[in-house]
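Enquirer: Residue numbers (this note's numbering): 336 to 763.
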């Protein structure tokens, strides 16, 4: 009988841990995001999607409160309604995207994209509610992501050393630009962990993660990531820190650049990436945007239907006079917009773009007076700003790292503004 009981307990323990501690699944999910392509079966399954699904189930059947799980209680309790007001913008964006199905020029494409948007929104709101209810999980969550980003960064740097003439990338990323966006978040998160670290080993880990991820961003050759990290570091993060911490981060950046120029062929590689930006119009982006703007102008207010940009894009989308002024080499059927704002305005019009920008504006105005360390809030706002900058050059609306950043800030925005962080951060 004792043997049966011990075997039963052994078998039931993983189930109990899954239901009682959903944050473990969330930590594994964030760790897997930078490495998603490694743990994936193309077109069938990704590890991050499976972990997020298990996390959602754990929220619905949590056992810490047997009468009713906190997650449905959070939605149904009237006392929590004021916290959920910010979610109206997210729901309104989904509603407008769904409404665009009825005037879509390609309903099948709209339907496919709507399913993806629904998954991203549901996952983001679930994570946001969890962060709102358990703000202490935020720092371990960011640490988990930084670990995955550090692994990806080391692999990217290693790939560059094997072939210095190519842009640094990682086997799990879609391309070099996608890789840069992944490690960019890791770089900024490492700064936040360093600012809030209480132990020496965490400070050293954060500095190492920041250095590796920053090197990987530079070696990726992704110019939009360069602009994003420079703007967020020098215009958002550093001015809000004391002079001692500002000096420390500046010194680490200087060491990164010294290490960078010790790598083979870096001078020529970086010079080529800078000069080619003007020669090829940003890898054809100016030509793509010219044609994309002609598509958007045809139905500027409400758009052509969510997910239809690639269906409409091609040589026939622009007038002959417009095509005469651009390099049509880059204008191929089914190409993406390489700009999330152009993509949104062409698909769901100025109305949809306005809803999205209003949501982002609210998130960027999250109060620092929360039950989370203000430096972490500052870093997350910088991360979102960095992605909004990159979004002007890359199509990242369907990337999970963008939605993770949105989810974390959304959760912070739903906290009561009167609640402050327990300990006062150092002034210098």
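From the three backbone atoms N, C-alpha and C, an ideal C-beta is built for every residue, glycine too.
What's the call for residue 461, buried or exposed, on a 16-neighbour Cβ count within 10 Å?
Expert: Classification of residue 461: buried, given that the 10 Å Cβ count is 16 or more.
Enquirer: Kindly say whether residue 357, judged by its beta-carbon, lies nearer than 8 Å to any beta-carbon of chain B.
Expert: Here there is only one protein chain, and chain B is not present.
Enquirer: Near residue 445, what residues of its chain come up, given a Cβ to Cβ distance below 7 Å and the 5 sequence neighbours on each side ignored?
Expert: If we look at residue 445 and ignore the five residues flanking it on each side, its Cβ neighbours are 435, 436, 439, 640, 641, 642 and 643.
Enquirer: Over the uninterrupted alpha helix (DSSP H) stretch that includes residue 494, give me the two end residues.
Expert: Taken as a continuous stretch (DSSP letters only), the alpha helix (DSSP H) holding residue 494 covers 473–497.
Enquirer: Let me confirm a value: residue 502 is counted as buried when at least 16 other C-beta atoms fall within 10 Å, else exposed. Which label applies?
Expert: Result: buried.
Enquirer: With burial defined as no fewer than 16 other Cβ atoms inside 10 Å of the residue's Cβ, what is the status of residue 592: buried or exposed?
Expert: Residue 592 comes out exposed.
Enquirer: Could you pull out every residue in the same chain whose Cβ sits closer than 7 Å to the Cβ of residue 698, ignoring the five residues on either side in sequence?
Expert: 719, 741, 744, 745 and 748, listed in sequence order.
Enquirer: Using a Cβ-Cβ cutoff of less than 6 Å, which residues in the same chain neighbour residue 732 once the five nearest sequence positions on both sides are dropped?
Expert: Within the same chain, residue 732 has close Cβ partners 675.
Enquirer: For residue 490, is the classification buried or exposed, using 16 other Cβ atoms within 10 angstroms of its Cβ as the cut-off for buried?
Expert: It counts as buried.
Enquirer: Touching or not, the stretch 523–531 and the stretch 681–691, by the rule of three or more beta carbon pairs under 8 Å?
Expert: No, because fewer than three Cβ pairs between the stretch 523–531 and the stretch 681–691 fall closer than 8 Å, the two stretches do not touch.
Enquirer: Looking only at C-alpha atoms, which of 474, 603, 470 and 627 sits nearest to residue 646?
Expert: Per the Cα distances, 627.
Enquirer: If you measure between the beta carbons of residue 724 and residue 526, is that distance less than 8 Å?
Expert: No, Cβ-Cβ distance for residue 724 and residue 526 is not below 8 Å.
Enquirer: State the start and end residues of the unbroken alpha helix (DSSP H) segment that holds residue 299.
Expert: There is simply no residue 299 to check, as the chain begins at 336 and stops at 763 in what is shown.
Enquirer: Tell whether a beta-carbon distance below 8 Å holds between residue 485 and residue 714.
Expert: In this structure, residue 714 does not lie closer than 8 Å to residue 485 by Cβ.
Enquirer: In terms of residues, what are the limits of the alpha helix (DSSP H) holding residue 367?
Expert: 357–367 is the span of the alpha helix (DSSP H), which, as asked, contains residue 367.
Enquirer: What would DSSP say about residue 748, mapped onto helix, strand or coil?
Expert: Three-state DSSP puts residue 748 in a helix.
Enquirer: Taking the alpha-carbon of residue 454 as reference, which of 426, 515, 512 and 564 has the nearest alpha-carbon?
Expert: The shortest Cα separation from residue 454 among 426, 515, 512 and 564 belongs to 426.
Enquirer: Buried or exposed: residue 497, going by 16 or more other Cβ atoms within 10 Å of its Cβ?
Expert: The residue is exposed, with fewer than 16 neighbouring Cβ atoms inside 10 Å.
Enquirer: Have a look at residue 630 and residue 359 and give me their C-alpha separation to the nearest angstrom.
Expert: Straight-line Cα distance between these residues: approximately 45 Å.
Enquirer: Short of 6 Å in beta carbon distance, which residues of its chain neighbour residue 572, apart from the five on each side in sequence? Order them along the chain.
Expert: Contacts found: 717.
Enquirer: Could you tell me the boundaries of the alpha helix (DSSP H) in which residue 531 lies?
Expert: Where residue 531 is concerned, the enclosing alpha helix (DSSP H) stretches over 511–531.
Enquirer: Can you give the Cα-Cα distance for residue 569 and residue 383, rounded to whole angstroms?
Expert: Their Cα atoms are separated by approximately 33 Å.
Enquirer: Taking 8 Å as the threshold (C-beta atoms), are residue 516 and residue 679 in contact?
Expert: Taking 8 Å as the Cβ cut-off, residue 679 and residue 516 do not qualify as a contacting pair.
Enquirer: Is it buried or exposed for residue 578, if we count other Cβ within 10 angstroms and need 16 for buried?
Expert: Residue 578 comes out exposed.
Enquirer: Beta carbon of residue 458, beta carbon of residue 738: below 8 Å?
Expert: Going by C-beta atoms, residue 458 is nearer than 8 Å to residue 738.
Enquirer: Return helix, strand or coil for residue 466, following the three-state DSSP convention.
Expert: Three-state DSSP puts residue 466 in a helix.
Enquirer: How far does the alpha helix (DSSP H) with residue 431 in it extend, from its first residue to its last?
Expert: Residue 431 -> alpha helix (DSSP H) spans 422–434.
Enquirer: Name the residue from 692, 576, 574 and 594 whose alpha carbon lies nearest to the alpha carbon of residue 547.
Expert: Ranking the options by Cα distance to residue 547, first place goes to 594.
Enquirer: Under the three-state reduction of DSSP, which class applies to residue 579: helix, strand or coil?
Expert: The answer is helix: DSSP assigns residue 579 an H, G or I state.
Enquirer: What residue range is occupied by the uninterrupted alpha helix (DSSP H) comprising residue 641?
Expert: Counting along the chain, residue 641 falls outside any alpha helix (DSSP H), and DSSP gives it neither H nor E.
Enquirer: Beta carbon of residue 558, beta carbon of residue 623: below 8 Å?
Expert: Result no, Cβ atoms of residue 558 and residue 623 do not sit closer than 8 Å.
Enquirer: With a Cβ-Cβ cutoff of 8 Å, do residue 520 and residue 736 count as a contact?
Expert: Cβ distance < 8 Å, so residue 520 and residue 736 count as in contact.
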